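Under the UniProt record's numbering, residues 1 to 345 are what the sequence shown spells out, in order.
C-beta: ideal position from N, C-alpha, C; glycine also.
All values reported here derive from a predicted model rather than from experimental measurement.
For reference, the structure discussed in these notes is given below.
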Amino acid sequence: MGLFKKDPLQVIVFQSYGTASHLYVRGRALEDESIDLEGKHPIKLLINAYKRFETDEVRHAALLLKLPDGQIFETVTDDEGYFLLDEKVEGLDALANEEGWLSFEVAYKDFTSKRIIQLENRFPGEMLIPGLSQGQDSKDVSFGVASDIDDTILHTGLVSTLKWRVIYNTFLKRASKRSPLEGAAEFYHLLHRGKTGEEANPIFYVSHSPWNMYRYLEFFLKKNDFPKGPILLRDFGKFLNRKKNKEKPQKQHEILNILKTYPELKLILIGDSGEHDADIYLEIAELHPDRILAIYLRSVKHKKKMLRVKGLYENYKATPVLLVDSSKQAMEHARENGFISETLF
Numbered sequence: 001m002g003l004f005k006k007d008p009l010q011v012i013v014f015q016s017y018g019t020a021s022h023l024y025v026r027g028r029a030l031e032d033e034s035i036d037l038e039g040k041h042p043i044k045l046l047i048n049a050y051k052r053f054e055t056d057e058v059r060h061a062a063l064l065l066k067l068p069d070g071q072i073f074e075t076v077t078d079d080e081g082y083f084l085l086d087e088k089v090e091g092l093d094a095l096a097n098e099e100g101w102l103s104f105e106v107a108y109k110d111f112t113s114k115r116i117i118q119l120e121n122r123f124p125g126e127m128l129i130p131g132l133s134q135g136q137d138s139k140d141v142s143f144g145v146a147s148d149i150d151d152t153i154l155h156t157g158l159v160s161t162l163k164w165r166v167i168y169n170t171f172l173k174r175a176s177k178r179s180p181l182e183g184a185a186e187f188y189h190l191l192h193r194g195k196t197g198e199e200a201n202p203i204f205y206v207s208h209s210p211w212n213m214y215r216y217l218e219f220f221l222k223k224n225d226f227p228k229g230p231i232l233l234r235d236f237g238k239f240l241n242r243k244k245n246k247e248k249p250q251k252q253h254e255i256l257n258i259l260k261t262y263p264e265l266k267l268i269l270i271g272d273s274g275e276h277d278a279d280i281y282l283e284i285a286e287l288h289p290d291r292i293l294a295i296y297l298r299s300v301k302h303k304k305k306m307l308r309v310k311g312l313y314e315n316y317k318a319t320p321v322l323l324v325d326s327s328k329q330a331m332e333h334a335r336e337n338g339f340i341s342e343t344l345f
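See below:
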């Protein structure tokens, strides 16, 4: 009988962002296949990678979301187990902490299910509300940061021959052993704290990776002490068909949506010179020249790509653009332009 025992149920709630009157929460209901993010053996790492992409989703499940003040909302998962709760709710900022994080719980509605449900059916979630307008303890916000992950803060190898390094890093390296780029976490904390050192500037982590990688990336960011922020990924189907799809990249959609959601918020864009960040960021800056404070692009070891990026920005003067070899260079520029504190971290 043990061979046919079903895995317990869980809900993965993605860190999201909203406003004082807009509750926006995404996540996924899945069977818990006990993925060990600290697993060391190569075979176990391959099994974990397989589990991340061969998921057993919980379809058409009714879920309840409970706010700290007792308000309850209901949503239903789709064919792939994803859910989206998009509601107009007033006074959400009054329920958030000084950094702007609103905590809540998500639960399966059907308590009579014979399936085991993890965490006593109380799955924590958080939504960021930058720039709180209420509450004496709320921190100021001067700007936001939209940052890529791959080869911007995490060594990936996207420009390696035949992408072999991407495959190795993703499937044969556990999250705790992945290397952040030197000084990246320190730089992001400085940006988060801003010029005064007491701000709560939001950090949005935007990647082309599929949602299947959410927990892996969340673990990496926590393990390496990066500031907490919404992690914005994309559906696995879109990830597989990214070259066939002629729509704008998901990363571009997300950053434009951030600008739309927060009309007063200016952004610093951080990426790398290896893939499409340079093109995406240039197009966004041209659409919103008054909203983009600076663009930092980390240099990659690929001469042809670097020459292309330099040519792309050669005649662009509206927004400061810096191609950097290290986080220290970006820090110096940010300090000179009043984005971060004069004092060292």
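Subject >> Boundaries (first-last residue) of the beta strand (DSSP E) holding Y296 >> reply: Residues I292 to R298.
Subject >> Which listed residue (V11, L63, D78 and E80) has its alpha carbon closest to that of I72 >> reply: Among V11, L63, D78 and E80, the Cα nearest to that of I72 is on L63.
Subject >> Beta-carbon proximity list for T319, same chain, < 8 Å, skipping 5 on both sides >> reply: Annotation for T319: A285, P289, I292, L293, A294 and I295 place their beta carbon closer than 8 Å to its own, counting only its chain and skipping 5 residues before and after.
Original post:
Where E57 and V13 are concerned, what is the direct C-alpha to C-alpha distance, given to the nearest angstrom?
Top reply: About 14 Å.
Original post:
When you compare each of A200, I149, S138 and P180 to G274 by their alpha carbons, which one comes out closest?
Top reply: Among A200, I149, S138 and P180, the Cα nearest to that of G274 belongs to I149.
**OP:** Confirm, please, whether the CB-CB distance from Y313 to V321 is below 8 Å.
**Re:** In terms of Cβ geometry, V321 and Y313 form a close pair [threshold 8 Å].
Original post:
So M331 is in the alpha helix (DSSP H); what residue range does that whole segment cover?
Top reply: For M331, the enclosing alpha helix (DSSP H) stretches over residues S327 to E336.
Subject >> As assigned by DSSP and simplified to three states, the class of Y108 >> reply: Correct three-state label for Y108: strand.
Original post:
Which residue comes first and which comes last in the alpha helix (DSSP H) that contains T261?
Top reply: Counting along the chain, the alpha helix (DSSP H) containing T261 begins and ends at Q250 to T261.
**OP:** May I ask you to report which of helix, strand or coil DSSP gives Q10?
**Re:** Secondary structure of Q10 (DSSP, three-state): strand.
Original post:
Measuring CB to CB, does F204 end up less than 8 Å from V300?
Top reply: When the beta-carbon positions are compared, F204 and V300 stay at least 8 Å from each other.
Subject >> A20 in three-state terms, based on DSSP >> reply: Coil at A20, not helix or strand.
Original post:
Taking just the CA atoms, how far does K109 sit from R115?
Top reply: Computed Cα separation, rounded: 13 Å.
**OP:** Use the C-beta contact count for E90: other C-beta atoms within 10 angstroms, 16 or more gives buried, fewer gives exposed.
**Re:** Around the beta carbon of E90, fewer than 16 other beta carbons lie within 10 angstroms, which makes this residue exposed.
**OP:** Would you list the residues sitting across from P124 in a DSSP beta bridge?
**Re:** Under DSSP, P124 forms a beta bridge with E105.
Original post:
To which residues does DSSP link I231 through a beta bridge?
Top reply: According to DSSP, which records beta bridges pairwise, I231 is partnered with Y205.
Subject >> CB of E126 within 8 Å of CB of L102, strictly >> reply: Judged by beta-carbon spacing, L102 lies within the 8 Å limit of E126, meaning their Cβ atoms are closer than that value.
Subject >> Delimiting residues of the alpha helix (DSSP H) encompassing A278 >> reply: First-last of the alpha helix (DSSP H) with A278: D277 to L287.
Subject >> For residue 346, the nearest candidate out of A29, L92 and G194 (CA to CA) >> reply: An answer regarding residue 346 cannot be provided, because it is not within the stretch 1 to 345 covered by the chain.
Original post:
When the distance is taken between beta carbons, is G197 closer than 8 Å to K328?
Top reply: Cβ distance not < 8 Å, so K328 and G197 don't count as in contact.
Original post:
With respect to the alpha helix (DSSP H) encompassing residue 348, which residues constitute its N-terminal and C-terminal limits?
Top reply: This structure leaves residue 348 out entirely; the chain is present only between 1 and 345.
Original post:
Run through DSSP, which three-state label would Q15 get?
Top reply: If DSSP states are grouped into helix, strand and coil, Q15 belongs with coil.
Original post:
Under the three-state reduction of DSSP, which class applies to G81: helix, strand or coil?
Top reply: It is coil, neither helix nor strand.
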